[in-house]
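Reading the sequence shown from the start, the letters are residues 76 to 244 in the numbering used here.
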Amino acid sequence: DLEITEEALSKSMVDLNEISNGMEVKKAVATLIVFFRKVVGSPKMTYTNIPLLVGHNVAFDVAFLTEMFRFAGKDLSEFVATNNGVVNFVDTLQLSRRAWPKAESTKLRDCCDRASIHLIDAHGAMNDTLATFQLFKHLSARLEGGAKSTSLADQETQTKSQHRNFFNI
Numbered sequence: 076d077l078e079i080t081e082e083a084l085s086k087s088m089v090d091l092n093e094i095s096n097g098m099e100v101k102k103a104v105a106t107l108i109v110f111f112r113k114v115v116g117s118p119k120m121t122y123t124n125i126p127l128l129v130g131h132n133v134a135f136d137v138a139f140l141t142e143m144f145r146f147a148g149k150d151l152s153e154f155v156a157t158n159n160g161v162v163n164f165v166d167t168l169q170l171s172r173r174a175w176p177k178a179e180s181t182k183l184r185d186c187c188d189r190a191s192i193h194l195i196d197a198h199g200a201m202n203d204t205l206a207t208f209q210l211f212k213h214l215s216a217r218l219e220g221g222a223k224s225t226s227l228a229d230q231e232t233q234t235k236s237q238h239r240n241f242f243n244i
């Protein structure tokens, strides 16, 4: 079972009073299932078309989603990418730490600044989601070795060094 501590709740900015009604949680889970199936574009999910969860510092979010699905009598692992039943996810925070190992901060805003991604009103759910998506695309391109970063920090690094602009995981 998921143990939710006061510290985790305060950091997640979740107000459990808003979702304390079981019907609201079940409705949210049903909506997510419809979304996951729509993304797949087929009633049958296969390895090549199953959704992969992506987020910034996403471990808590995945645990929270897992618990919501369990509460609704569903198994999140049936709808998203897994490895032996464990939900897979990509954490842009961890990728950012690899991309900018000397950075003092890995907050979403700071990572977006380094990647020249404009983040308006940080901590707004949709704004953070869109910024995280852009950050994921930026970091993915760096992994593939094809990104020419426009961030000031990376421009300075490129000027000082002739190394390829990507990082290893």
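Glycine included, every Cβ here is placed at the ideal spot set by N, Cα and C.
Quick one: residues in its chain with C-beta nearer than 7 Å to the C-beta of residue i, no 5 flanking neighbours on either side, listed in chain order?
i	result
Val100	Ile94, Met143, Phe146 and Ala147
Glu153	none
Ala103	Met143
Could you pull the DSSP bridge partners for residue i from this structure?
i	result
Asn158	Val161
Val129	Val165
So, for residue i: in the same chain, excluding its five sequence neighbours on each side, which residues have a beta-carbon less than 6 Å away from its beta-carbon?
i	result
Leu77	In this prediction, Leu77 has a pLDDT of 35, which is less than 50 and means its spatial position is unreliable; nothing more can be read from the coordinates.
Val129	Val165 and Phe211
Arg184	Leu194 and Ala197
Arg112	none
Please name the residue in the options whose C-alpha comes closest to that of residue i.
i	options	result
Asp203	Glu219, Lys182 and Gly220	Lys182
Val133	Ser191, Ser180 and Leu170	Leu170
Arg189	Lys102, Gly199, Arg172 and Gly116	Arg172
Looking at residue j and residue i, is the spacing between their C-beta atoms short of 8 Å?
i	j	result
His131	Leu168	yes
Ala156	Ile125	yes
Asn163	Leu127	yes
Ala206	Cys187	yes
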